[in-house]
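Asks: The opening residue of the first sequence carries number 6 in the working numbering; numbering runs sequentially from there. In this text, a Cβ means the ideal position worked out from N, Cα and C, and glycines have one as well.
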Amino acid sequence: MSELMEMLIRRGFLWQSFEIYGGMAGFIDYGPLGNGLRRRLENLWREFFVINERAVEIDTPTVNIEEVFIASGHAESFTDVAIECQKCGKVFRADHYIKEKLNIEADCTIEAVKEIIETYDLKCDCGGSFGEPFHFNLMFTTSIGPGKGKKGYLRPETAQGIFIAFRRLLDYFRGKLPFGVAQIGRAYRNEISPRQGVIRLREFNQAELEYFVHPAEKTHPQFERYANDVVKLVDKFDNEYEITLKEAVDKGIIAHELLAYFIGKTRRFLLKAGISEDKLRFRQHKDDERAHYAVDCWDAEALTSYGWIEIVGIADRTDYDLKKHIEHSGEDLTVFVQFKEPIKVKKLKIVPDLKKLGPVYRKKAKAIAKALEEFEVNDKNIEKVIVEVDGEKIEVSNEFFKVEEFEEEIHGEKIIPHVIEPSFGLDRITYTILEHSFEKDTVDGEERKVLRLKRWMAPVQVAVLPLLSKDEFIKVSLEIAEMLRNAGIYTEYDDSGSIGRRYRRFDEIGTPFCITVDHQTLEDRTVTIRDRDTTKQVRVKIDRLVDVLKELLSSEKDITEFGEIFRA
RNA sequence: GCGCGGGUAGUCUAGCCCGGUAGGACAACGCCCUUCCGAGGCGUUGGCCCGGGUUCAAAUCCCGGCCCGCGCACCA
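#1: Go ahead and pull the three-state DSSP assignment for S559.
#2: What are the partner residues of Y193, as DSSP defines its beta bridges?
#3: Would the segment 156-166 and the segment 180-196 be scored as touching if the rule is three or more Cβ pairs under 8 angstroms?
#4: Around the C-beta of V390, are 16 or more other C-beta atoms found within 10 angstroms, so that it is buried, or is it exposed?
#5: Name the residue from G17, S334, S7 and K223 whose alpha carbon lies nearest to the alpha carbon of E72.
#6: Just mark Y26 as buried or exposed, buried being the case when its beta carbon has 16 or more other beta carbons within 10 Å.
#7: My understanding is that K459 touches K277, with C-beta atoms under 8 angstroms, so please give their C-beta distance in whole angstroms.
#8: What's the call for T539, buried or exposed, on a 16-neighbour Cβ count within 10 Å?
#9: Run through DSSP, which three-state label would Q466 get?
#10: Within its chain, find whatever has a CB closer than 6 angstroms to the CB of S474; leave out the 5 residues flanking it on each side and keep chain order.
#11: Candidates Y311, G312 and T323: which alpha carbon is nearest A296's?
#12: Check whether the segment 271-291 and the segment 427-441 are in contact - that is, three or more C-beta pairs closer than 8 angstroms.
#13: Kindly list the residues whose CB is nearer than 7 angstroms to the CB of R16, restricted to its own chain and excluding five residues on each side of it in sequence; keep chain order.
#14: Would you tell me roughly how many angstroms separate the C-alpha atoms of I268 and H290, rounded to the nearest one?
#15: Residue range of the alpha helix (DSSP H) that S442 falls in?
#16: Cβ atoms of I280 and C302: under 8 angstroms apart, would you say?
#17: Could you say which of V350, T437, Y508 and D64 lies nearest to V317 if we only look at CA atoms?
#18: Could you check which residue in I504, R273 and D552 has the C-alpha nearest to that of W50?
#19: Sort out for me which residues DSSP pairs I348 with in a bridge.
#20: Can you tell me which of the three DSSP states E58 falls into?
#21: Do you know whose CA, among K369, K407 and K368, lies nearest V382's CA?
#22: Please name the residue or residues paired with W303 in a DSSP beta bridge.
#23: What residue range is occupied by the uninterrupted alpha helix (DSSP H) comprising A76?
#24: Drop a sphere of 10 angstroms on the beta-carbon of L527, count the other beta-carbons inside from all chains shown, and report buried for 16 or more, exposed for fewer.
#25: Going along the chain, which unbroken runs of the beta strand (DSSP E) with 3 or more residues stay wholly within the segment 460-504?
#26: Compute the Euclidean distance between the alpha carbons of F518 and Y298, then round it to the nearest angstrom.
#27: Would you tell me roughly how many angstroms separate the C-alpha atoms of E477 and R530, rounded to the nearest one?
#28: So for T271, helix, strand or coil by DSSP?
#29: Tell me which residue opens and which closes the beta strand (DSSP E) that A87 is part of.
#30: Would you call N48 buried or exposed, if buried means 16 or more other Cβ atoms sit within 10 Å of its Cβ?
#31: If contacts are defined as beta-carbon pairs under 8 angstroms, then E414 and K349 qualify, I think. What distance do you get, rounded to the angstrom?
#32: Once DSSP output is grouped into helix, strand and coil, what is the label at A253?
#33: Can you check whether the CB of V532 is closer than 8 angstroms to the CB of T516?
#34: Where do the N-terminal and C-terminal ends of the alpha helix (DSSP H) with F168 fall, by residue?
#35: Any idea what DSSP makes of A187, helix, strand or coil?
#36: Using the Cβ count rule (16 or more neighbours within 10 Å means buried), how would you classify Y177?
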């Protein structure tokens, strides 16, 4: 086990779930500190991707009905039976392989596949035989309601909940594009063999933004903010670049401004959260790597002890999902987009003459008249029209109608918006922050472990420590701790062991500041603030403490700005 | 899912080959000491992954499972 993992477990950041029953791969518990860190990450994400956009956050069920994933295409991509060659180890989708080799449409069940393999003595190309067929169904199934119930799935991504509710969300935004809808929540994938510790989980936390735009307007009004940011890019041909986002768009490396905007924003977010810039890059998915719904996708990748790992996916999902849900639900999920100027179109239209139609066609006259009105004509002098009424084709000659020219105003069109989706793996980002922050250095000739979290990310922000565990120091320390907590600062108090030992404890969990109550405190109501990274201390008045700490915690200012250096 | 190697206090580890009282270090907790960076003293808590088998006796040998690491495969 790595030294970091050992610390994370020992100090209560995270550990494996179900430990007392032997554990289960692919699940972790967040302990007090890990949970605190992830919550801070979520709040920072909200600042960037909800508050700072024309966007809202919603929350939809993790249990979904089957229809959702039949429409989205996940059911098809997830419920396959696979077979593995015992000799060469190749894995195939059983139904595809059987179709290809035997031209049989096989049922996608383990029993059916097994029977076919045995009956036809199906072998791998290499000559090896296949082992037991198995599911590689990456969605967890469940049943809803009593008895056999209705088939349900645990969602493999949070996004679908947003697409399903699109009509309501569009109304919320009063029908106007662009807008974003975010969701932070759990998603589930029944991985075949989750490994790599916390990197591949069966239950994980996603933060996703679905940003809906007009298909012809993949731009963003705030793009200028990031246009000159230099980013590390690896395109799908493995070309590497270090260029500004503006240049990347101009040169066509990134397909459009909106993708570039979210790449830029994602980068700023990750840096603010504590990912190291030199261990961050954006890599474009290769053509065979993209999910079934995406036309283009850029991953933010972080360099960790597991190599480069995907921590964010930024995909152009186009209108794929909405189109699919329109198709399967029959609901209208389009957006009416008004033109700036209404377009005037000259149009020919049939005007039926009911006085003549009535006596001839009797009861059918009304239906015929309606059909005539809807008939598209392009010849003013048309002689006859064939309309269909109740399945009967009726020829109507031009004595029963007139063709007139109308000028029609078209005010807009119905479009299916495209969606750009930045999708964040919160567990992986949390872990990467921990790896990128964990360091060892030397203080007074002794090695120490220190977690250099960004101050605003630290789960424990301040520790209040009496220099000696004597009543008069303890009393003041507890008062200060209470004062800080009342001010909304996450504060811990610790009086056990020597002062140096306690500094080390808080260094290890990334607490940026320690407040020490010493002899001088008792004389003049001042305390020292000790900085985690430099171990420098300044002395400030207790009255000023809350303000000073708040300013320090929200910035990267040096503590020496706030008082005299006590110990260099 | 396959192959190889592992699983001993909170953490790291000795013992396993060759069956017979499970030992250490660090951490944690309490008391003492202590005027700023893992000081010291005394004391305390806590362990053989789970199930089955062999045996008078299993951490140790055998079988099965679970978990961890590595390689292959998988990761829309």
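Replies: Taking the geometry as given:
#1: Shown here, S559 sits in coil according to DSSP, grouped into three states, outside any helix or strand.
#2: Answer by DSSP bridge pairing, in chain order: E208.
#3: Short answer: they touch.
#4: Here V390 is buried, its C-beta having at least 16 other C-beta atoms within 10 Å.
#5: When each option's Cα is compared against that of E72, the closest is S334.
#6: Counting other Cβ atoms within 10 Å of its Cβ, Y26 stays below 16 and is therefore classed as exposed.
#7: Sure, about 7 angstroms apart at Cβ, within 8 angstroms.
#8: By the beta-carbon neighbour count (other beta carbons within 10 angstroms, threshold 16), T539 is exposed.
#9: Note: Q466 maps to coil in three-state DSSP.
#10: By the criterion of a C-beta distance shorter than 6 angstroms, S474 is surrounded in its chain by D500, once the five residues flanking it on both sides are discounted.
#11: Closest by alpha carbon: T323.
#12: The segment 271-291 vs the segment 427-441: in contact.
#13: Excluding sequence neighbours, R16 sits near L38, E513 and I514.
#14: Straight-line Cα distance between these residues: approximately 14 angstroms.
#15: In the DSSP annotation of this structure, the continuous segment of the alpha helix (DSSP H) that includes S442 starts and ends at L431 to S442.
#16: Cβ atoms of C302 and I280: not closer than 8 angstroms.
#17: It is T437.
#18: If we check each option's Cα against that of W50, R273 comes out closest.
#19: Per DSSP, I415.
#20: In the three-state reduction of the DSSP assignment, E58 falls in the coil class, being assigned neither a helical nor a strand state.
#21: Ranking K369, K407 and K368 by Cα distance to V382 puts K407 first.
#22: Q289 and I319.
#23: Per DSSP, the unbroken alpha helix (DSSP H) holding A76 starts and ends at E71 to S77.
#24: Exposed, since its Cβ has fewer than 16 Cβ neighbours within 10 Å.
#25: Entirely contained in the segment 460-504, the beta strand (DSSP E) runs reaching 3 residues are, in chain order, 467-471 and 496-498.
#26: Counting only the Cα atoms, Y298 lies some 47 angstroms from F518.
#27: Spanning the two alpha carbons is a distance of roughly 13 angstroms.
#28: Helix, per DSSP.
#29: For A87, the uninterrupted beta strand (DSSP E) segment begins and ends at V86 to E89.
#30: Around the Cβ of N48, a 10 Å sphere holds fewer than 16 other Cβ atoms; the residue is exposed.
#31: With 8 angstroms as the limit, E414 and K349 qualify as a contact, their Cβ atoms being about 6 angstroms apart.
#32: Three-state DSSP puts A253 in a helix.
#33: Result no, Cβ atoms of T516 and V532 do not sit closer than 8 angstroms.
#34: Segment A164 to I169, the alpha helix (DSSP H) holding F168.
#35: Of the three classes helix, strand and coil, the one that applies to A187 here is strand, per DSSP.
#36: When all chains shown are included, Y177 counts as exposed.
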